[in-house]
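Report on one structure; see the data block that follows.
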Amino acid sequence: MKARIQRWGLWILSGLLFLAPAVSQAELNIVISGGQESGVPIAVVPFSTTTNTDFASIIDADLARSGQFAPLTTDQMPSQPSAPEQVQFDQWRTGKAQYLVVGKVVQQGGNYQATFYLLNVTNGQQMTGRVISAPVSAARSIAHRIADIIFKQITGVRGAFDTKIAYVTETDGPGKKRRYTLEVADSDGANPQTVLSSTFPLMSPTWSPDGSKLAYVSFEGRRSGIWVQDLRTGQRYQLTKFPGINGAPSWSPKGNKIAITLSKYHSPNIYVVDLDTRNLTQITNDGSINTEACWLPDNKTLVFTSDRSGSPQLFEKTVGTSSAQRLTFGLSYAAGGAISPDGKTLALLAGGNGGFRVAVQSLSGGGSDLRYISNGGAEERPSFAPNGTMLIYASQAGGSSVLKVSPVSGGESQTLRFARGKVRDPAWGPFQGDE
Amino acid sequence: MFRWFTRMPLSILLAIALHLLIILSVLIAWKFNAFSAASQSSSTSNEPVIQAQSVSQAAIDQQVNRLKHADEQREKSLKQQQAEAQQAAAARRAEQARLQQLEAMREAKQKAAAAQEQQLKALQDEQKKAQESVQAQKQALAKMQEEAAKAAAEKQAAQAAAAKERATAAAAKQAAAEAAAQAEQAKKQAAAEKAAAEKAAKEQAAKEKAAKAAADKAAKEKAANLAAQKAAQARKAALQQQLQDELSASQAQGILAAYAAAIQQKVTAQWFKPPGWQPDWTCDVRISQAKDGTVLNVKILQCDGDQLFQRSVQQAVERASPLPLPSDMSLFQSTINFKFRANTQ
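Here the protein sequences come in this chain order: L and W.
The working numbering numbers the first residue of the first sequence as 1 and each following residue consecutively.
The working numbering numbers the first residue of the second sequence as 436 and each following residue consecutively.
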């Protein structure tokens, strides 16, 4: 802090030197450096409602999880207005909040109708005001949609709170029999729905880009296979049942292909299955391990893990070309790649002295700008939120496994709470509907 | 030999004739040959000669270039000459201007000299007049004395004549001598008086001249003193003004610095930079404020980073409103430029 003040002093001094000849001029030039790193201070006033859903806390949690907002607690609020005309801005301006959200929710038959306003405390202007209706059962979804609108208004980036996550649970059932389930829940972990339950291991779910289907690995029949399941109807079919490993499916951005790992009695290699023709294209072909493929937005370039250079590292290869480019350097272990929706950022699992941690680097940066996102040391393969601002990943702690969400911009991770056992292999679903 | 000749003259003649014949025929043959050779050489030299020289395009180009270059060179030199001519003309004009200036200066000098001369002449005329009047007075005096002496002499002469009549010629002679002596004396007196008058006039003139010179000198000195005093006063005043200016400037600077520092502190305290900022991000903002420090308008001029970063900068300035005011309101700035730097360095 002292050093900081000294630095300010220097700036003031340098500002003075600059000012000296400009005394008679009409303009003053002032340098502001540093400031304080902080999420955007925002006050989401508890909504006026007769329902038993706490909309404001859901919105608060969403905004806080993004790492870019710092919601105020209710005791930091001078009053609790629920409409713009009730807001006395002078009262709020003395506090921390830069933005203020007020609203109310009323029940109309089987629906909830929410009316909310986003206000700029500093200049007293209303930034947006909307009415949102949804079935009572989707009360939390209303809150997530409000959070999305606030996020977009302030950051300029589409919010990804009203989205779904898929993951696998592992519980000890009666008679010490393991049970595995494939679940789909809200992005904050609420409203979990079991998609599939099995006594055989389930792994690696991947979303179709329209969010209607999941592909995953199931060991039913004591051998691995890739399955595709329709989430609305529950109907499922087996996509591959090659000898050996059938693993690590990844749905392509256009939805017409799935990249998979097949061993066919040899070492594992990357293949692409065309969903329309069922044609199989081999992408890698060597004696090393090649797995964990994921797609770039161009729908034809794949990033995958390979130990062809000794230790596991990430490589990139475009379908139809012969050579692969290495993407990670300076790490003794780099695996579990994921590509941000804009195709610019590579998230990965970096192994080293700090254990296995989630990190990000620019796709083409060669690892020169690698940043660690988690600090647990027992993390697993990450998955991007559809707006690229957050990563979800499994983290093991005390014999259990939980899901965590970290802001890509850096900041505290949040743990999602689940009722059952070990939770792993999360996959963040796409945006739902139009913006 | 001769005997040999005489012994067989016919054979010798024959031999000689034969020799001559041989020599003649040889000569004719050589001449013919020489003629034919000459005609041959002349015929070859009369044929038209075509010197077919193959000239390459490069050579042509080279030639053209050479010509071009020469043209350029010529043009260049022409230009240079023109430039030189222009320069020369400019120099000439400058010289003319200088000469004109010098001429004007000389004229001014001459005018001044003429004026001085006129003044001097006027002065001399005055002196001359004074001298003339003195002379006239002296002449009048001398005339009066002369007339008196003449009258006295006439009287004496009449008396002498009467005495002559009455006394002897010796007595008359003596009387005449006495009269002459008297006249001489009168003459002497007149001369003395004249000298005295002249001296007095001279002394008077000298006195007047001295007085005038003294007066002139005094006036001059007085003027010089006044000028010096004035200059000293001006210098002193300027020095005081400078000191005053420096003092108020440093005071203004101090106030302005404190003003800037107060604004800087308040805005920095209100800047909440959201995570995800990059160290090289900067944002230039221009604000206008009311006289009470209320921020009226925030204009983002140039800004790195995302919307969130830009908003944080705008919020920082807006939340710092009203901005602190300077202790001297004459130094209030209605427009302020801020440069936000994400990095503290």
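Note that CB positions come from ideal geometry on N, CA and C, so glycine has one too.
As the structure is a prediction and not an experimental result, all values here were calculated from the model.
Can you tell me whether DSSP reads residue i as helix, strand or coil?
i                : result
Gln432 (chain L) : coil
Arg533 (chain W) : helix
Asn299 (chain L) : coil
Lys585 (chain W) : helix
Pro84 (chain L)  : helix
Val461 (chain W) : helix
Phe470 (chain W) : Here Phe470 (chain W) scores only 48 on pLDDT, less than 50, and its place in the model is too uncertain to base an answer on.
Gly336 (chain L) : strand
Gln594 (chain W) : helix
Ile58 (chain L)  : helix
Arg420 (chain L) : coil
Thr206 (chain L) : strand
Ala505 (chain W) : helix
Asp342 (chain L) : coil
Asp369 (chain L) : coil
Met579 (chain W) : helix
Would a check of beta-carbon distances place residue i closer than 8 Å to chain L?
i                : result
Thr770 (chain W) : yes
Glu402 (chain W) : Lying before the first or after the last residue shown, residue 402 (chain W) is absent from chain W, which here runs from 436 to 780.
Thr779 (chain W) : yes
Trp706 (chain W) : yes
Leu678 (chain W) : no
Asp763 (chain W) : no
Glu753 (chain W) : yes
Thr729 (chain W) : no
Asp741 (chain W) : yes
Gln750 (chain W) : yes
Lys701 (chain W) : no
Arg501 (chain W) : no
Ile698 (chain W) : yes
Pro710 (chain W) : yes
Lys655 (chain W) : no
Arg527 (chain W) : no
Lys734 (chain W) : no
For the putative contact between residue i and residue j, defined by C-beta atoms under 8 Å, what is the C-beta separation to the nearest angstrom?
i                : j                : result
Leu349 (chain L) : Val360 (chain L) : So it is not a contact: roughly 11 Å between Cβ atoms.
Arg179 (chain L) : Thr199 (chain L) : 6 Å
Ile437 (chain L) : Pro426 (chain L) : Given a span of 1 to 435 for chain L in the structure shown, any question on residue 437 (chain L) remains unanswerable.
Pro297 (chain L) : Gly343 (chain L) : 4 Å
Ala777 (chain W) : Val702 (chain W) : With a Cβ gap of about 14 Å, Ala777 (chain W) and Val702 (chain W) do not count as contacting.
Glu380 (chain L) : Gly352 (chain L) : Not quite, the Cβ-Cβ distance comes to about 16 Å (not below 8 Å), so this is no contact.
Thr284 (chain L) : Asn290 (chain L) : 4 Å
Leu72 (chain L)  : Lys96 (chain L)  : 6 Å
Ala114 (chain L) : Ile132 (chain L) : 5 Å
Ala324 (chain L) : Ala338 (chain L) : Wrong, their Cβ atoms sit about 18 Å apart, outside the cutoff.
Ala293 (chain L) : Ala334 (chain L) : That belief does not hold up - the Cβ atoms of Ala293 (chain L) and Ala334 (chain L) are roughly 15 Å apart, past 8 Å.
Which residue's Cα is closest to the Cα of residue i: the options?
i                : options                                   : result
Ile226 (chain L) : L:Glu27, L:Gly103, L:Lys241 and L:Arg232  : L:Lys241
Ala725 (chain W) : W:Gln750, W:Gln768, W:Ala693 and W:Thr717 : W:Gln768
Gly39 (chain L)  : W:Phe707, W:Gln745 and W:Pro714           : W:Phe707
Tyr216 (chain L) : L:Gly244, L:Ile258, L:Asp90 and L:Gly189  : L:Ile258
Val748 (chain W) : L:Gln98, L:Ile58 and L:Pro84              : L:Gln98
Thr233 (chain L) : L:Asn52, L:Leu239, L:Gly244 and L:Lys213  : L:Lys213
Gln153 (chain L) : L:Val101, L:Trp207 and L:Phe384           : L:Val101
Trp295 (chain L) : L:Ser306, L:Met127 and L:Thr318           : L:Thr318
Gln68 (chain L)  : L:Trp428, L:Ser409 and L:Gly336           : L:Ser409
Gln594 (chain W) : W:Lys608, W:Glu581 and W:Glu582           : W:Lys608
Gln108 (chain L) : L:Thr51, L:Arg308 and L:Asn279            : L:Thr51
Phe773 (chain W) : W:Asn732, W:Ala672 and W:Ser762           : W:Asn732
Ala394 (chain L) : L:Arg424, L:Ala70, L:Ala143 and L:Ile373  : L:Arg424
Ile698 (chain W) : W:Lys590, W:Ala658, W:Ile771 and W:Lys637 : W:Ile771
Ala687 (chain W) : W:Ala543, W:Lys734 and W:Pro761           : W:Pro761
Asp230 (chain L) : L:Ser137, L:Ser306 and L:Val195           : L:Val195
Gln572 (chain W) : W:Lys629, W:Ala524 and W:Arg527           : W:Lys629
So, is the C-beta of residue i closer than 8 Å to a C-beta in chain W?
i                : result
Ser33 (chain L)  : yes
Ser288 (chain L) : no
Pro41 (chain L)  : yes
Thr436 (chain L) : Nothing can be reported for residue 436 (chain L): it is not among the residues displayed for chain L, which extend from 1 to 435.
Glu37 (chain L)  : yes
Glu435 (chain L) : no
Could you tell me if the beta carbon of residue i falls within a distance shorter than 7 Å of some heavy atom in the ligand GTP?
i                : result
Ala751 (chain W) : Questions concerning the ligand GTP fall outside what the structure shown contains, since it holds no ligand whatsoever.
**Study point:** Entirely enclosed beta strand (DSSP E) segments - the stretch 89 to 166 of chain L, minimum 3 residues
**Key:** 99 to 108, 111 to 120 and 125 to 135
Review point. Which parts of the stretch 672 to 727 of chain W are runs of the beta strand (DSSP E), unbroken and 3 residues or longer, counting only runs that do not cross its ends?
Key: 717 to 724
Exercise for review: Just list the beta strand (DSSP E) runs in the stretch 265 to 316 of chain L, keeping only unbroken ones of 3 residues or longer that don't cross its boundaries, in chain order.
Suggested key: 269 to 274, 280 to 282, 290 to 295 and 301 to 306
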